[in-house]
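Chemist:
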Amino acid sequence: MKRPLALWGGAGLALLVLSVTVSLSLGSAKLPLSDVWGVLLSKLPAVGGWLEGGWAESTEQIILKIRLPRVALALLVGACLSLAGAGFQGVLRNPLADPYTLGVASGAAVGAALLIHFGLQAFFLGMWSVPLSAFVFALASLLLVLRLANIQGKYRLETVILSGVVVSAFLSSVVSLLVSFSDRVVNEIVFWLMGSLAMRGWPFALVLLPHLALGAAALLALGRTLNLFALGEKQAAHLGVNVTRTRLAVLVVATLLAAAAVSVAGTIGFVGLVVPHLMRLLAGPDYRVLLPLSALYGGIYVLWADTLARTMLAPAEIPLGVVTAFLGAPFFAWLLRRSKRANGG
Amino acid sequence: MQQVKNREHPVAAAGGAARPRERAANGPAPHDPAVAPAGPLVAVDGVTKRYNGRTVLDGIRFAVERGEAFGIIGPNGSGKSTLLNLISGVEAPDGGRILLDGRPVADHPRKELARWLAVLQQEAVLAEGFTVRDVVEMGRYPFQNWFGDEKDDPSPLIDGILDHLQLAPLAGRRVDGLSGGERQRTALGKVMAQEPRLLLLDEPTTYLDIGHQAMLLDRIRKWRQETGLTVIAVLHDLNLAAMFCDRLLLIRDGRQLAVGPPEDVVTGDLIRGAFGIEPVIFPHPLTGVPQLLLGGSPDR
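So the protein sequences, as listed, match chains A and B.
Take the first sequence: its letters are residues 1 to 345, numbered as in my numbering.
Take the second sequence: its letters are residues 346 to 645, numbered as in my numbering.
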């Protein structure tokens, strides 16, 4: 069972290192890969002394002050979103569940947009107020979706997605209302909504990091239990799982992860849907393997999406949410067709 | 009442992988058969259940002794599966009480209960993407700690079960690619891995042909003989129920019509009253248990 984790985890780590360095070298100022390696290695305590800085001071500034925080943020956002998606899919036994289809992202967007609209981003808790407000609204909208979908104690798969769509549509119009009310900050909300990692810097990464650490630890601890959910809730209960408590824990943690990512980076779709699916195809359905791989590859996915977003039409930026959708939607369509064929449908 | 104290696993007894380890020593002390309170393993005491004001079970009362095979029969919608859900604790009764080993169901922590109570359901495992071996190993969940480890390595037990159920050649296959019979055998393997003292069967033969039905019930019968397992079975097929069970409970519309050995329950009057058919009942030529054929409907 652990072999796929070693195999795909190892490949993922190699891909991660490669992606980070390539992404750091790309941009308006093209930096040679050797300089990127040099700057990064010189900052490692063990090797730093051995290296001679053969690169310009400006190169180091660009890498460490401008590009690296953005790369780190992309990795964190991707990891949060795909972990959240994997958690939702596992506990709701629904392959279409993800922060967007469940209305969680829209809820978080309302929570964050409200604060931005009233100019309260830094109110009370400083950097933490937007994530907190996003989390509260995201959780409320998730509970609303599940309440709508609950028919005599059973969650039908289609009904959950349907009520997710309904609640999402409503919440999106709330955000639109907020946007139309405010002339002054209209651009700020709109750009944030479309998803971007530009001009965020280290403080945002540092807000996201504890969310990811906490959420990943909690979900990984429940990985074995999530496997039993694949048998159905009743069978899981017969095997000694406290179904209600586990479901609540996973839903809250996944919502926390999604809300944190949304509050930092805006709405970035398809990550939580596509990445766990791809991992399931590669490494199998075991959540003990699937969760860490989803976090790793989710980070890489968003890193590449963001690299494309900032380089393709440079100096203009494409919204990150647009890139992930352009990459994710065709891929998801292919997945859907493939699984339909596999099921003989 | 038969009281078999053999705690050896069926696999070991059947000459499969020998497994000289005393499982009972693993479990918590109160569940050791030697320490457990005397009296029935399951006591259903005047149980009532309502959904949205509709009464689905009304004043059900019976007890199941250790080592017994107890059958629950009745027409569709009579409350059989609900009764099983109440015994396994996934639902709570609205009135009356159910004692497992002398204690109310709700007082048993779920994980502790899963170490000695297992349920084989009508619909076979749907754990898409998992292999047969993965699913059988899921039966060890209640014995595993937070990290998924057990005191003893369970792989000899799992191997033994796979051999015993002739699942070894399928061990690496994904369950979604199996036939109905193979799925149900995998589900049985998972239940055996739980090493229960009480097994609840919720119409496990519904989707099986007669050969697979007989094979499944035969395996469970052997398992009972080897471990002293207690079985409570909801069975659709009255003939199978009469052959498989020591005693039967007949319910209709949530009310208990009769409890007793098959000879007293599978009778013309009771079956006519419960199912609205005109049965022909005769003793099985080999075993003597009552068997039933359709005569004609009463209005004909």
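C-beta atoms are modelled at their ideal positions from N, C-alpha and C, and glycine is treated no differently.
Tell me, which residues are paired with glutamine 636 of chain B by DSSP?
Modeler: In the second sequence, the residue the question calls residue 636 of chain B occupies position 291. Answer is B:Phe627, bridged to glutamine 636 of chain B.
Chemist: Is the shortest distance between the beta-carbon of arginine 280 of chain A and the beta-carbons of chain B less than 9 Å?
Modeler: Reading the first sequence from its first residue, position 280 is the one you call residue 280 of chain A. Cβ-Cβ to chain B under 9 Å: yes for arginine 280 of chain A.
Chemist: Tell me which residues of the region 429–448 of chain B have at least one Cβ-Cβ distance to chain A shorter than 7 Å, keeping chain order.
Modeler: Hits within the stretch, in order: Ser433 and Val435.
Chemist: Output needed for glutamine 467 of chain B: all residues of its chain with C-beta closer than 6 Å, excluding positions within five of it in sequence on either side, in chain order.
Modeler: By one-based count along the second sequence, residue 467 of chain B stands at place 122. Contacts found: Asp547, Glu548 and Thr551.
Chemist: Would you mind giving the Cβ-Cβ distance between alanine 149 of chain A and alanine 134 of chain A, rounded to the nearest angstrom? I have them listed as a contact below 8 Å.
Modeler: Residue numbering aside, residue 149 of chain A sits at position 149 when the first sequence is read from its first letter. Residue numbering aside, residue 134 of chain A sits at position 134 when the first sequence is read from its first letter. Not quite, the Cβ-Cβ distance comes to about 22 Å (not below 8 Å), so this is no contact.
Chemist: Where valine 20 of chain A and valine 481 of chain B are concerned, what is the direct C-alpha to C-alpha distance, given to the nearest angstrom?
Modeler: Here residue 20 of chain A corresponds to residue number 20 of the first sequence, with the count starting at 1. Here residue 481 of chain B corresponds to residue number 136 of the second sequence, with the count starting at 1. Distance between the alpha carbons of valine 20 of chain A and valine 481 of chain B is about 41 Å.
Chemist: Which residue or residues does DSSP assign as beta-bridge partners of tyrosine 552 of chain B?
Modeler: Looking up residue 552 of chain B in the second sequence gives position 207. Per DSSP, none; premise fails for tyrosine 552 of chain B.
Chemist: For phenylalanine 475 of chain B, would you say it is in contact with chain A, using Cβ-to-Cβ distances shorter than 9 Å as the test?
Modeler: Counted from its first residue, the second sequence places residue 475 of chain B at position 130. Closer than 9 Å: yes.
Chemist: Quick check on proline 499 of chain B - is its C-beta less than 9 Å from some C-beta in chain A?
Modeler: Position 154 of the second sequence, counting from 1, holds the residue named residue 499 of chain B. So, not an interface residue.
Chemist: With H, G and I counted as helix, E and B as strand and the rest as coil, what does DSSP make of glycine 618 of chain B?
Modeler: Mapped onto the second sequence, residue 618 of chain B falls at position 273. Reduced to three states, the DSSP call for glycine 618 of chain B is helix.
Chemist: Please report whether the beta-carbon of asparagine 227 of chain A lies at a distance below 9 Å from any beta-carbon of chain B.
Modeler: Here residue 227 of chain A is taken as the residue at index 227 of the first sequence, counted from 1. Chain B contact via Cβ: present.
Chemist: Alpha carbon to alpha carbon, how far is histidine 211 of chain A from leucine 75 of chain A? Give it in angstroms, no decimals.
Modeler: In the first sequence, residue 75 of chain A corresponds to position 75, counting from 1. In the first sequence, residue 211 of chain A corresponds to position 211, counting from 1. Taking the straight line from one Cα to the other gives about 13 Å.
Chemist: Express the C-alpha separation of lysine 456 of chain B and histidine 238 of chain A in angstroms, rounding to a whole number.
Modeler: Here residue 238 of chain A refers to the residue found at position 238 of the first sequence. Here residue 456 of chain B refers to the residue found at position 111 of the second sequence. Their Cα atoms are separated by approximately 9 Å.
Chemist: According to DSSP, is phenylalanine 135 of chain A helix, strand or coil?
Modeler: In the first sequence, residue 135 of chain A corresponds to position 135, counting from 1. Here phenylalanine 135 of chain A sits in helix by DSSP.
Chemist: Please state if the CB of valine 450 of chain B and the CB of proline 484 of chain B are separated by a distance shorter than 9 Å.
Modeler: Residue mapping note: residue 484 of chain B aligns to position 139 of the second sequence, counting from 1. Residue mapping note: residue 450 of chain B aligns to position 105 of the second sequence, counting from 1. The displayed chain sequence assigns glycine, not proline, to residue 484 of chain B. No; because the gap between Cβ atoms is not below 9 Å, this pair is not in contact.
Chemist: Would a C-beta distance cut-off of 9 Å place proline 131 of chain A and valine 253 of chain A closer than the cut-off?
Modeler: For the purposes of this step, residue 131 of chain A is identified with residue 131 of the first sequence, where counting begins at 1. For the purposes of this step, residue 253 of chain A is identified with residue 253 of the first sequence, where counting begins at 1. No, the Cβ-Cβ distance between proline 131 of chain A and valine 253 of chain A is not below 9 Å.
Chemist: Do valine 250 of chain A and glycine 90 of chain A have their CB atoms nearer than 9 Å?
Modeler: Your numbering for residue 250 of chain A matches position 250 in the first sequence. Your numbering for residue 90 of chain A matches position 90 in the first sequence. A contact, by the Cβ cut-off of 9 Å.
Chemist: Mind checking who isoleucine 577 of chain B pairs with in its DSSP beta bridge?
Modeler: Position 232 of the second sequence, counting from 1, holds the residue named residue 577 of chain B. Answer is B:Phe415 and B:Leu545, bridged to isoleucine 577 of chain B.
Chemist: When DSSP labels each residue in this structure, what does arginine 3 of chain A get in the three-state scheme?
Modeler: On the first sequence, residue 3 of chain A is found 3 positions in, with the first residue counted as 1. Residue state, collapsed to three classes: helix.
Chemist: On the criterion of 16 or more Cβ atoms from any shown chain inside 10 Å, does arginine 67 of chain A qualify as buried, or is it exposed?
Modeler: Residue mapping note: residue 67 of chain A aligns to position 67 of the first sequence, counting from 1. Arginine 67 of chain A should be labelled buried.
Chemist: So, helix, strand or coil for glutamine 242 of chain A, using DSSP?
Modeler: Indexing the first sequence from 1 puts residue 242 of chain A at position 242. Correcting the residue identity first, residue 242 of chain A is asparagine in this sequence and not glutamine. Looking at asparagine 242 of chain A - three-state DSSP - the assignment turns out to be coil, as it is neither helix nor strand.
Chemist: For the beta strand (DSSP E) containing threonine 531 of chain B, name the first residue and the last one.
Modeler: Here residue 531 of chain B refers to the residue found at position 186 of the second sequence. Per DSSP, threonine 531 of chain B belongs to no beta strand (DSSP E); it is in the alpha helix (DSSP H), 525–538.
Chemist: Could you name the residues that DSSP lists as bridge partners for threonine 400 of chain B?
Modeler: For this step, residue 400 of chain B is matched to residue 55 along the second sequence. DSSP output for threonine 400 of chain B lists B:Arg395 as bridge partner(s).
Chemist: Mind checking which residues open and close the alpha helix (DSSP H) that includes glutamine 601 of chain B?
Modeler: As a working note, residue 601 of chain B is residue 256 in the second sequence. Premise fails: glutamine 601 of chain B lies in the beta strand (DSSP E), 600–605, not in any alpha helix (DSSP H).
Chemist: Cβ of proline 375 of chain B less than 9 Å from any chain A Cβ?
Modeler: Locating residue 375 of chain B in the second sequence gives position 30, where the first residue counts as 1. With a pLDDT of only 43 at proline 375 of chain B, under the threshold of 50, the placement of this residue in the model should not be trusted, and no figure is reported.
Chemist: Using the Cβ count rule (16 or more neighbours within 10 Å means buried), how would you classify aspartate 35 of chain A?
Modeler: Here residue 35 of chain A corresponds to residue number 35 of the first sequence, with the count starting at 1. Aspartate 35 of chain A should be labelled buried.
Chemist: Exposed or buried, what is asparagine 54 of chain A when buried is set at 16 or more other beta-carbons lying within 10 Å of its beta-carbon?
Modeler: Taking the first sequence and counting its residues from 1, the one referred to as residue 54 of chain A is at position 54. A small fix is needed here, since residue 54 of chain A is glycine in this sequence, not asparagine. Its Cβ having fewer than 16 others within 10 Å, glycine 54 of chain A is exposed.
Chemist: Anything in chain B within Cβ reach of asparagine 242 of chain A, meaning under 7 Å, just list it in chain order.
Modeler: On the first sequence, residue 242 of chain A is found 242 positions in, with the first residue counted as 1. Ordered by position in chain B, the residues that pass the 7 Å Cβ test against asparagine 242 of chain A are Arg455.
Chemist: Give me the Cβ distance between valine 110 of chain A and valine 175 of chain A, rounded to the nearest whole Å; I'm assuming they're in contact under 8 Å.
Modeler: For this step, residue 110 of chain A is matched to residue 110 along the first sequence. For this step, residue 175 of chain A is matched to residue 175 along the first sequence. At roughly 6 Å, the Cβ-Cβ gap stays under 8 Å, so valine 110 of chain A and valine 175 of chain A are in contact.
Chemist: Apply the 10 Å Cβ neighbour rule to proline 330 of chain A and answer buried if 16 or more other Cβ atoms are within range, or exposed otherwise.
Modeler: As a first step, residue 330 of chain A is located in the first sequence; it is residue number 330 there, counting from the start. It counts as exposed.
Chemist: Could you list which residues in chain A have their beta carbon closer than 8 Å to that of glycine 493 of chain B, in chain order?
Modeler: Sequence index remark: in the second sequence, residue 493 of chain B carries index 148 (1-based). Simply Arg224 and Arg288.
Chemist: Looking at the structure shown, is valine 611 of chain B part of a helix, part of a strand, or coil, going by DSSP?
Modeler: Position 266 of the second sequence, counting from 1, holds the residue named residue 611 of chain B. Valine 611 of chain B falls in the coil class under three-state DSSP.
Chemist: With 9 Å set as the bound, which would you pick, yes or no: does the beta-carbon of tyrosine 552 of chain B sit closer than that to a beta-carbon of chain A?
Modeler: By 1-based counting over the second sequence, the position of residue 552 of chain B is 207. False, the Cβ-Cβ gap to chain A never drops below 9 Å.
Chemist: Going by DSSP, which residues form a beta bridge with threonine 476 of chain B?
Modeler: Sequence index remark: in the second sequence, residue 476 of chain B carries index 131 (1-based). DSSP, once it has assigned bridges, lists B:Arg519 as partnering threonine 476 of chain B.
Chemist: Between arginine 406 of chain B and glutamine 601 of chain B, how many whole angstroms is the CB-CB distance? I'm expecting something under 8 Å.
Modeler: Reading the second sequence from its first residue, position 61 is the one you call residue 406 of chain B. Reading the second sequence from its first residue, position 256 is the one you call residue 601 of chain B. Contact flag correct, Cβ pair sits at about 7 Å.
Chemist: Give the residues of chain A in contact with proline 487 of chain B, contact being defined as C-beta atoms less than 7 Å apart.
Modeler: In the second sequence, counting from the first residue as 1, residue 487 of chain B sits at position 142. Under the 7 Å cutoff, chain A gives Leu239 and Gly240.
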